[in-house]
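Student: Numbering (the working numbering), first residue to last: 12 to 328.
This structure is in structure tokens; I'll ask about it shortly.
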């Protein structure tokens, strides 16, 4: 099935805009989708309680670039504020599409690809986390799974950067899932959200669960929903964070940094996860964010767009 076929129409990309943050990232993400997958369904979810902070030019931009804008009430789900929770609330929203592909707002599409590679019936697709940011003691996973009367699975996956084996642990920046009912839940997104809410309850004593709660909950929710998982390779969630070469670096450190730069440049990625605007610098992806801004806005580069959005946010605050 090619990338202009029915898969695209039966799946929706979704992401979160959380004003006053993630506004410039939203521009970049929508622009990259429209550049490479022009017919894809694209939905941006915004907390309803923050819609007044959304810059008007951004709302107009979304309409022009065919990004559907949806409000969601994010209040009352977590006892303490948890920004990552907004992705779970967005994932749980009802959609008519057969599949959802959730994207962190700080990702961009690098080139066209066949969406069939990311979706399948009864399967959750995600890339491994780069390293074991949580769960180094396997006992932590035992504690988390035991909340739902389950045991830690025996299978292991390799972390994307370190190659270390871990119980299934995924980066939640790119996750695809079917939208149908699963078990007692209306959809997998609801299962993922409610799993995270339960794990966040202090009575369970899950250690250092924030900010990793969304990623801890993901493999457990997959088990609760009775679904399988498919490990996406780095091309579908290539993290661009890396150290920068400097003249004062000792040779052994410079060699190590250069090796990582070479590794990142060696990929033929579909989706870039840049995390911060400076991350593409020094890589073959440098300048891409500026290109997206120039092609789709009145601004000449990322810095100019950032200044303008910051000024608008200051006026609205």
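For glycine and all other residues, C-beta sits at the position ideal for the given N, C-alpha and C.
For clarity, every value in this text was computed on a predicted model and none was experimentally measured.
May I have the straight-line CA-CA distance separating residue 253 from residue 290, to the nearest angstrom?
Tutor: Distance between the alpha carbons of residue 253 and residue 290: 7 Å.
Student: By the three-class DSSP mapping on this structure, what secondary structure does residue 17 have?
Tutor: Legend: pLDDT at residue 17 = 43, less than 50; position of this residue unreliable, no value from coordinates given.
Student: From the DSSP output, read off the bridge partner residues of residue 53.
Tutor: Bridge partners of residue 53: 24.
Student: I need the straight-line Cα distance from residue 25 to residue 261, nearest angstrom please.
Tutor: For residue 25 and residue 261, the distance between alpha carbons rounds to 43 Å.
Student: Tell me, to the nearest whole angstrom, how far the beta carbon of residue 284 is from that of residue 249; I am working on the premise that it is less than 8 Å.
Tutor: Sure, about 6 Å apart at Cβ, within 8 Å.
Student: If you compare alpha carbons, which of 207, 258 and 241 is closest to residue 158?
Tutor: Measuring from the Cα of residue 158, the nearest candidate turns out to be 207.
Student: Beta-carbon within less than 8 Å of residue 194's beta-carbon, same chain only, minus the 5 sequence neighbours each way: which residues are those?
Tutor: Contacts found: 202, 235, 236 and 237.
Student: For the beta strand (DSSP E) containing residue 231, name the first residue and the last one.
Tutor: Taken as a continuous stretch (DSSP letters only), residue 231 belongs to no beta strand (DSSP E), being part of the alpha helix (DSSP H) at 224-236.
Student: Taking just the CA atoms, how far does residue 264 sit from residue 64?
Tutor: Cα-Cα distance, rounded: 44 Å.
Student: Whose C-beta lies closer than 7 Å to the C-beta of residue 228 among residues of the same chain, with five residues either side of it excluded?
Tutor: Excluding sequence neighbours, residue 228 sits near 203, 206, 207 and 210.
Student: With burial defined as no fewer than 16 other Cβ atoms inside 10 Å of the residue's Cβ, what is the status of residue 161: buried or exposed?
Tutor: Answer is exposed; the Cβ neighbour count stays below 16.
Student: Where do the N-terminal and C-terminal ends of the alpha helix (DSSP H) with residue 149 fall, by residue?
Tutor: Segment 149-157, the alpha helix (DSSP H) holding residue 149.
Student: Alpha carbon to alpha carbon, what distance is there between residue 316 and residue 83?
Tutor: Distance between the alpha carbons of residue 83 and residue 316: 26 Å.
Student: In whole angstroms, what separates the C-alpha of residue 130 from that of residue 113?
Tutor: For residue 130 and residue 113, the distance between alpha carbons rounds to 11 Å.
Student: Quick check on DSSP: helix, strand or coil for residue 209?
Tutor: Here residue 209 sits in helix by DSSP.
Student: Quick one: Cα of residue 103 to Cα of residue 46, how far?
Tutor: Their backbone Cα atoms lie some 27 Å apart in a straight line.
Student: Can you give me the C-alpha to C-alpha distance between residue 325 and residue 54, rounded to a whole angstrom?
Tutor: Using only the alpha carbons, I get a separation of about 26 Å.
Student: Name, in chain order, the residues that DSSP records as bridge partners for residue 111.
Tutor: Beta-bridge pairing links residue 111 to 23 and 188.
Student: Please confirm if residue 208 has its CB atom under 7 Å from at least one CB of chain D.
Tutor: Absent here is chain D; the protein component of the structure consists of one chain.
Student: Report all residues from its chain with a CB closer than 7 Å to the CB of residue 279; omit the five preceding and five following residues, and keep chain order.
Tutor: Correct list, in chain order: 246.
Student: Please name the residue in 71, 313, 21 and 295 whose C-alpha comes closest to that of residue 329.
Tutor: Since the first residue shown for the chain is 12 and the last is 328, residue 329 is missing from the structure and cannot be characterised.
Student: Taking residue 144 as the reference, which of 170, 241 and 38 has the closest Cα?
Tutor: The candidate whose alpha carbon is nearest that of residue 144 is 170.
Student: Expressed to the nearest angstrom, what Euclidean distance is found between the alpha-carbon atoms of residue 164 and residue 180?
Tutor: Taking the straight line joining both Cα atoms gives about 11 Å.
Student: Count the CB pairs spanning the segment 107-125 and the segment 183-199 that are closer than 8 Å, and state whether there are at least three.
Tutor: The segment 107-125 vs the segment 183-199: in contact.
Student: Under 6 Å Cβ to Cβ from residue 52, same chain only, skipping five residues before and after it: list those, please.
Tutor: These residues qualify, in order along the chain: 23.
Student: Under a three-way DSSP split, which group does residue 240 fall into?
Tutor: Residue 240: strand per DSSP, three-state reduction.
Student: What are the residues that DSSP puts in a beta bridge with residue 193?
Tutor: Residue 193 is bridged to 196.
Student: So residue 99 is in the alpha helix (DSSP H); what residue range does that whole segment cover?
Tutor: Counting along the chain, the alpha helix (DSSP H) containing residue 99 begins and ends at 96-102.
Student: I need the straight-line Cα distance from residue 33 to residue 321, nearest angstrom please.
Tutor: Computed Cα separation, rounded: 11 Å.
Student: Using only the alpha-carbon positions, how far apart do residue 71 and residue 94 sit?
Tutor: Distance between the alpha carbons of residue 71 and residue 94: 25 Å.
Student: Going residue by residue through the segment 233-320, where are the continuous beta strand (DSSP E) segments of at least 3 residues, counting only ones entirely within it?
Tutor: Listed in chain order, they are 239-242 and 282-284.
Student: Measuring CA to CA, which of 156, 49 and 232 is closest to residue 124?
Tutor: When each option's Cα is compared against that of residue 124, the closest is 49.
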